[in-house]
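Per our numbering, the very first residue in the sequence shown carries number 135; after that it's consecutive.
Yeah, the Cβ is synthetic: ideal placement off N, Cα and C, and Gly gets one too.
Okay, so here's the structure we're looking at.
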Amino acid sequence: MKMLRYRFLFVVSLLLLVFTFPVSSEEVYSSSQQLDAISKGDIYFQKGNNFFENKNYESAINSWEKALIFYRAEKDRKKEAITLSNLGNAYDEAGSYKKAVEKYLEAIKLSSEIGDNRLKSDTLTNIGVSYWKLKLYDDSLQSFQEAAKIDRESGRKESEAFNLLNAAKVYKKIGKILEAINNYKVSMTIYKELKNDDMVEDELIELAELSKEIDNKVEALDYYLEAIEIKRKKNDLTDINKLLDEAALLQGEETAKKANPQVQKTKEEELEEEVIEEVMTSGIREKTISEKTRGLAQKKKEQRNAEYYFRLGITAEAQYNFSEAIDLYEKSKKIWKLEDGKKMKSGILIRLANLYLINKRENVEPLLNEALSICDEINDISDKAFALEVLGRFYLSKLQLPEALKSFNESFALFDNVKNPMMKSLLRVDIGDCYFASSIYRKAENYYEKALQEGLAERNDAVIWRAKYGIAKTLYARKKFDEAFSFMISAVGMSDREGGDVFFDFYPDKKKFAIDEDALSLFIELYKKTGNIKYAEAAFLCSEKI
Numbered sequence: 135m136k137m138l139r140y141r142f143l144f145v146v147s148l149l150l151l152v153f154t155f156p157v158s159s160e161e162v163y164s165s166s167q168q169l170d171a172i173s174k175g176d177i178y179f180q181k182g183n184n185f186f187e188n189k190n191y192e193s194a195i196n197s198w199e200k201a202l203i204f205y206r207a208e209k210d211r212k213k214e215a216i217t218l219s220n221l222g223n224a225y226d227e228a229g230s231y232k233k234a235v236e237k238y239l240e241a242i243k244l245s246s247e248i249g250d251n252r253l254k255s256d257t258l259t260n261i262g263v264s265y266w267k268l269k270l271y272d273d274s275l276q277s278f279q280e281a282a283k284i285d286r287e288s289g290r291k292e293s294e295a296f297n298l299l300n301a302a303k304v305y306k307k308i309g310k311i312l313e314a315i316n317n318y319k320v321s322m323t324i325y326k327e328l329k330n331d332d333m334v335e336d337e338l339i340e341l342a343e344l345s346k347e348i349d350n351k352v353e354a355l356d357y358y359l360e361a362i363e364i365k366r367k368k369n370d371l372t373d374i375n376k377l378l379d380e381a382a383l384l385q386g387e388e389t390a391k392k393a394n395p396q397v398q399k400t401k402e403e404e405l406e407e408e409v410i411e412e413v414m415t416s417g418i419r420e421k422t423i424s425e426k427t428r429g430l431a432q433k434k435k436e437q438r439n440a441e442y443y444f445r446l447g448i449t450a451e452a453q454y455n456f457s458e459a460i461d462l463y464e465k466s467k468k469i470w471k472l473e474d475g476k477k478m479k480s481g482i483l484i485r486l487a488n489l490y491l492i493n494k495r496e497n498v499e500p501l502l503n504e505a506l507s508i509c510d511e512i513n514d515i516s517d518k519a520f521a522l523e524v525l526g527r528f529y530l531s532k533l534q535l536p537e538a539l540k541s542f543n544e545s546f547a548l549f550d551n552v553k554n555p556m557m558k559s560l561l562r563v564d565i566g567d568c569y570f571a572s573s574i575y576r577k578a579e580n581y582y583e584k585a586l587q588e589g590l591a592e593r594n595d596a597v598i599w600r601a602k603y604g605i606a607k608t609l610y611a612r613k614k615f616d617e618a619f620s621f622m623i624s625a626v627g628m629s630d631r632e633g634g635d636v637f638f639d640f641y642p643d644k645k646k647f648a649i650d651e652d653a654l655s656l657f658i659e660l661y662k663k664t665g666n667i668k669y670a671e672a673a674f675l676c677s678e679k680i
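Structure follows, in structure tokens:
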């Protein structure tokens with residue numbers, strides 16, 4: 135079972151937490167227990183999830199209210215608490231914020247009674263958002279602070295950082311700038327420890343803006359420079375020119391103050407300067423570039439266009455608009471000529487090859503070989519690992535299993551080197567797919583189960599549902615039909631939640647499009663073999679999605 139958890143207003147997407155039943159990794163493999171846990175309440179709960187995903191909040195509320203009746207009859211207080219929290223989410227999305235608060239408070243009370251601090255913390259985060267929308271900022275702040283305290287005591291560092299970040303937003307809203315800065319700093323320290331560069335970058339920019347508000351321009355400049363360095367490291371050029379301009383302006387002011395505290399440059403004077411100072415770090419900060427030729431200007435224009443198409447392509451890809459993404463990547467590839475932009479070119483080639491593979495187009499291998507050559511030239515281990523993973527899936531699609539396994543193992547070693555646990559787990563699924571294609575089902579299942587354990591530990595939906603999907607297929611191949619059903623229905627429900635975010639470190643695969651039809655076929659076959667109505671109900675729900 136899954137509980138929908140909101141992110142706060144500054145984030146564009148929903149954060150969805152997964153509560154599987156049973157919860158512990160040991161219980162996950164007790165298939166008979168999982169099967170017994172599936173009830174009418176679970177079916178209505180899944181219907182509610184589907185309605186919520188499709189923004190049909192009234193129907194989601196009706197389904198979850200029905201699920202609630204069954205869970206209360208079964209005295210399953212944990213599922214009852216999760217359902218109450220989801221009802222709060224649905225009411226919040228429907229604009230009934232007071233009703234949302236009522237449901238959240240019920241969920242918080244119940245989660246306290248059953249000693250589920252994780253659920254309590256997540257629901258406190260949700261109610262904090264509703265309080266914000268009701269403009270009850272003190273209540274919102276208290277909720278985020280209480281959630282952060284629970285997370286800190288239970289060792290949930292990422293969730294603690296997230297709630298501190300939310301608290302900082304509230305402090306900023308009510309004008310308590312110093313308190314906001316302190317909360318941002320603590321949150322950012324945790325995110326740095328977790329090596330979450332995206333969140334660190336966001337908080338650095340917030341800290342820079344707040345530091346300017348209190349006229350601390352030295353710290354503001356340092357924050358901007360650190361954010362720029364992170365963007366360059368990630369090869370993420372989104373809004374980087376704006377940050378460079380902000381940093382250049384601040385550095386110009388500080389330099390002017392040191393030279394002559396009484397003299398300040400006007401904006402017009404700054405714009406008249408022929409030399410543009412490009413603000414960087416690590417000794418590059420004072421480097422100046424004078425653009426005096428049309429040729430260089432043309433190259434920069436081409437670079438901007440190529441970057442623009444590339445970023446649009448990533449957005450289209452994240453939304454599963456693959457045809458549009460392919461067109462954009464091809465445009466970017468065609469005009470990308472700069473020798474100092476080889477990393478971005480390799481990224482374009484890998485993403486293009488991956489989408490060619492999904493859409494069954496030709497020239498996948500040549501694109502990947504070109505990307506691998508660039509990666510070796512510039513010693514880019516991360517992109518090489520991605521290229522090898524896509525190459526492995528290409529070989530797997532051709533049933534060239536030894537070549538696929540070799541590529542996957544090489545990719546796994548590289549991702550281990552750069553400490554990317556998500557891709558290591560996904561590669562365990564890839565390797566499991568190789569053994570499954572070779573009909574070595576037990577070995578395939580071992581890889582899927584290891585990936586599932588890692589996914590549950592990291593609470594990573596992308597890993598969890600792919601691993602469960604693989605386990606379901608192996609169990610079905612071994613004629614363990616009930617267990618296969620249990621894993622497949624869980625995988626289907628979780629796979630719906632992927633999409634809509636911009637991914638810079640994850641490449642989609644075909645499984646997103648195969649799982650629904652595979653699940654429908656499996657459920658129909660199970661119904662034919664057993665006559666059990668639950669399989670027919672599952673098939674019906676699955677057919678509605680297709």
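The Cβ atoms of residue 242 and residue 258 lie closer than 9 angstroms to each other. The criterion of a C-beta distance shorter than 9 angstroms is satisfied by residue 669 and residue 619.
The three-state secondary structure of residue 228, taken from DSSP, is coil. Pairing residue 450 with residue 487 gives a Cβ-Cβ distance that is not under 9 angstroms.
With contacts defined as CB atoms closer than 9 angstroms, residue 515 and residue 561 fail to qualify as a contacting pair.
Look at residue 536 here: in three-state DSSP terms it is helix. For residue 620, the uninterrupted alpha helix (DSSP H) segment begins and ends at 615-629.
Runs of alpha helix (DSSP H) with 4 or more residues, each lying fully within the segment 494-572, are found at 498-512, 515-531, 535-551, 555-571, listed in chain order. Considering only 351, 368, 527, 352, the residue with the shortest C-alpha distance to residue 329 is 368. By alpha-carbon distance to residue 658, the top candidate from 625, 340, 628, 615 is 615. Counting of Cβ neighbours within 10 angstroms places residue 183 among the buried residues, the total reaching 16 or more. Nearest C-alpha to residue 201 among 496, 177, 502: 177.
Per DSSP, the continuous alpha helix (DSSP H) segment holding residue 366 begins and ends at 351-368.
Take residue 239, set aside five residues on each side of it, and the residues of its chain with a beta-carbon closer than 8 angstroms to its own are 261, in chain order. The C-alpha of residue 604 is placed about 7 angstroms away from the C-alpha of residue 567. With respect to the C-alpha of residue 337, the residue from 375, 297, 349 having the closest C-alpha is 297. A Cβ-Cβ distance of about 6 angstroms is found for the pair residue 586 and residue 598, placing them in contact under the 8 angstroms criterion.
By the C-beta density criterion, residue 674 is exposed, having fewer than 16 other C-beta atoms within 10 angstroms. Per the Cβ contact rule, the segment 494-501 is not in contact with the segment 534-544 (fewer than 3 Cβ pairs under 8 angstroms). Between the segment 307-314 and the segment 283-296, the count of Cβ pairs shorter than 8 angstroms is below three; the stretches do not touch. According to the DSSP assignment, residue 588 belongs to the alpha helix (DSSP H) that extends over 575-592. In its chain, beyond the 5 residues on either side, 354 have a beta carbon closer than 6 angstroms to the beta carbon of residue 346.
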